[in-house]
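Chains as they are written, first to last, in my numbering: chain A, 79 to 286; chain B, 79 to 286. Every residue gets a Cβ at the ideal spot worked out from N, C-alpha and C, and that includes glycine. From a predicted model like this one, the values you see are computed outputs, not experimental measurements. Contents: one structure, followed by commentary.
Number of protein chains: 2
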Amino acid sequence: MSLYEKIKADIQQGRFAAGQPLKQVELADFYRVSRIPVRDVLQKLKNEGWLIRHGKRGVAVPQFDPLEVEDLYLMRARLEPLLQSLALEKLSGEILGRARDILLSMEARSGLSAEQIGNLNWQFHACIYRAAARPTLFATIEQLHRQCERYIGYQSRSLHYQSTSQEEHFAILEALHQGHGEQAAALLAQHIEAAGQLLVNHLRQPQP
Amino acid sequence: MSLYEKIKADIQQGRFAAGQPLKQVELADFYRVSRIPVRDVLQKLKNEGWLIRHGKRGVAVPQFDPLEVEDLYLMRARLEPLLQSLALEKLSGEILGRARDILLSMEARSGLSAEQIGNLNWQFHACIYRAAARPTLFATIEQLHRQCERYIGYQSRSLHYQSTSQEEHFAILEALHQGHGEQAAALLAQHIEAAGQLLVNHLRQPQP
DNA sequence: ACAATTAAAAATGTATACATAAAATTAAAG
DNA sequence: CTTTAATTTTATGTATACATTTTTAATTGT
């Protein structure tokens, strides 16, 4: 497990108080490394939304921000259907088969963590998106997903969502299989908006 | 002028051959610094699209890629009208006044470099976008602009575009002033698509 | 007692030196 | 002569040490 993964995991588990600046030396001591790799990781995590700048200098774990989630899902709802549509013509049976396999493996294995579910979720969509052969669009969407990752721990706590989500996945896959591009795009947009809405509601209600 | 700015400028001026990997020690020697700040800058520039990974390790200046430009402007055409629409209600006369001043200063001063024009261009739109108070959306769009920066040197070589662009800017401003939100959004989308189309054509025709 | 200025501290930025892992070159075997 | 394995070389990753900047605390003057 790399330093990057360790720090990211510890952020996700709430080991660092939100808003409180992270000191490079403290992190270096804690993880038994020097400050150089810590600096590298902090910059990387900052770019992925796991950390934000604190004042002029230094970084901190950001507060959970419903508005950020709203923005992220708003952008995803605009960009992902676009990329999926661009992939339409290049969707071979083999690719759709692999996408289906991912969905089935999600159903087969129970007791998956939120992180694992989120990952498989992305693998399913990414499998389709990749077919479009649009690296820049893909990279930007992938980055939006990474930014969402910080919140998915919450999403899965409303566990009953999982089944709904799977139904939507299969509906998208079916539409793609039958060549109904616009329908698949519309379903995907709804899928993303629904997930975003659920997450925002969840963040706005309890004690975050 | 910071190391970051120096290296970015040298990339823009074609000092480094595209595709050829950049060595940390060479850069450090050239700029008379150690490898540590070089590493920091390289990572940052990589995130902004000025550099890409080269093989397993190291970075290189990417080739000019018309498909990348197409993707970037496609995304901008989807996201920027969205953010502009979200700003609608909060657009005070003062903000629109500042936006107008930026446009006028672009007309007033002649002999501006491509970089300067591009910057004022962004200032105009950013001025409006900021009013929406949607930091995450804004940040993502800003990043897309940064990625476009690498190409704007080309855009301005078709200098006659500048006047058309300005007309579009004033049309958008006028629509916003009169509260015609959907019209302003449509104009903005056209504005972005036109710029993207022009740039893509320009990249596909001559000897890049 | 409060403000401002100055001194101390703490944290980040940078340089040098060492460790490790790719890459390339050479040597050996088929 | 080609291919593969081993060795050398080269570049990056990391640690330690130093410099600079920012923040905090203290001291002094009004």
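Straight-line gap, residue i to residue j (C-alpha atoms, nearest Å)
{"i": "A:Leu215", "j": "A:Ile270", "result": "17 Å"}
{"i": "B:Arg110", "j": "A:His132", "result": "30 Å"}
{"i": "B:Glu245", "j": "B:Leu251", "result": "10 Å"}
{"i": "B:Pro99", "j": "B:Gln194", "result": "29 Å"}
{"i": "A:Ala158", "j": "A:Leu190", "result": "Per the sequence presented here, residue 158 of chain A reads as Glu, with Ala not at that position. Cα to Cα, A:Glu158 sits roughly 25 Å from A:Leu190."}
{"i": "B:Ala96", "j": "B:Leu105", "result": "15 Å"}
{"i": "A:His258", "j": "A:Leu152", "result": "23 Å"}
{"i": "A:Gln240", "j": "A:Gly175", "result": "21 Å"}
{"i": "A:Asn197", "j": "A:Leu277", "result": "17 Å"}
{"i": "A:Arg113", "j": "A:Lys101", "result": "10 Å"}
{"i": "A:Gln221", "j": "A:Asn125", "result": "9 Å"}
{"i": "B:Gln91", "j": "B:Ala186", "result": "27 Å"}
{"i": "B:Ala249", "j": "B:Leu265", "result": "8 Å"}
{"i": "A:Gln141", "j": "A:Ile89", "result": "11 Å"}
{"i": "A:His247", "j": "B:Gly171", "result": "46 Å"}
{"i": "A:Ser243", "j": "A:Asn199", "result": "9 Å"}
{"i": "A:Ser188", "j": "A:Phe202", "result": "17 Å"}
{"i": "A:Asp107", "j": "B:Val103", "result": "28 Å"}
{"i": "A:His280", "j": "A:Ala211", "result": "35 Å"}
{"i": "B:Ile85", "j": "B:Met79", "result": "10 Å"}
{"i": "B:His223", "j": "B:Arg154", "result": "8 Å"}
{"i": "A:Pro213", "j": "B:Glu260", "result": "31 Å"}
{"i": "A:Asp143", "j": "B:Ala87", "result": "36 Å"}
{"i": "B:Ile219", "j": "A:Ile219", "result": "13 Å"}
For residue i, the residue or residues it bridges with in DSSP
{"i": "A:Pro99", "result": "A:Ala138"}
{"i": "A:Arg131", "result": "A:Val137"}
Short Cβ contact (8 Å threshold) for residue i with residue j
{"i": "A:Val147", "j": "A:Phe94", "result": "no"}
{"i": "A:Leu150", "j": "A:Cys226", "result": "yes"}
{"i": "B:Ala253", "j": "B:Ala262", "result": "yes"}
{"i": "B:Arg228", "j": "B:Gly127", "result": "yes"}
{"i": "B:Ala217", "j": "B:Ile173", "result": "no"}
{"i": "A:Arg156", "j": "B:Arg178", "result": "no"}
{"i": "A:Gln256", "j": "A:Tyr207", "result": "no"}
{"i": "B:Ala204", "j": "B:Ile230", "result": "no"}
{"i": "B:Lys134", "j": "B:Tyr82", "result": "no"}
{"i": "B:Leu129", "j": "B:Val137", "result": "yes"}
Three or more C-beta pairs below 8 Å linking the stretch 169–186 of chain B and the stretch 117–125 of chain B: With the cut-off at 8 Å, the stretch 169–186 of chain B and the stretch 117–125 of chain B do not touch.
The stretch 270–280 of chain B / the stretch 162–171 of chain B touching (three or more Cβ pairs under 8 Å): A contact between stretches requires three or more CB pairs, one per stretch, nearer than 8 Å, and the stretch 270–280 of chain B fails this requirement with the stretch 162–171 of chain B.
Members of the stretch 122–148 of chain A that neighbour chain B once the beta carbon cut-off is set at 9 Å: So the list reads Lys122, Asn125, Gly127, Asp143, Leu145, Glu146, Val147 and Glu148, given in the order they occur along the chain.
Contact list for the stretch 209–229 of chain A against chain B, Cβ threshold 7 Å: So the list reads Arg212, Thr214, Leu215 and Thr218, given in the order they occur along the chain.
Contact residues within the stretch 172–189 of chain A, judged by C-beta distance below 7 Å to chain B: Close to chain B, meaning a Cβ-Cβ distance shorter than 7 Å, is no residue of the stretch 172–189 of chain A at all.
Within 8 Å of chain A by C-beta, residues of the stretch 149–167 of chain B in sequence order: Cβ proximity to chain A below 8 Å picks out Asp149, Leu150, Leu152, Met153, Arg156, Leu157 and Leu160 from the stretch 149–167 of chain B.
Within 7 Å of chain A by C-beta, residues of the stretch 85–102 of chain B in sequence order: Those residues of the stretch 85–102 of chain B that come within reach of chain A (Cβ to Cβ, closer than 7 Å) do not exist; the list is empty.
The stretch 108–120 of chain A: positions lying closer than 8 Å to chain B by Cβ: Listed in sequence order: Ile114, Arg117 and Asp118.
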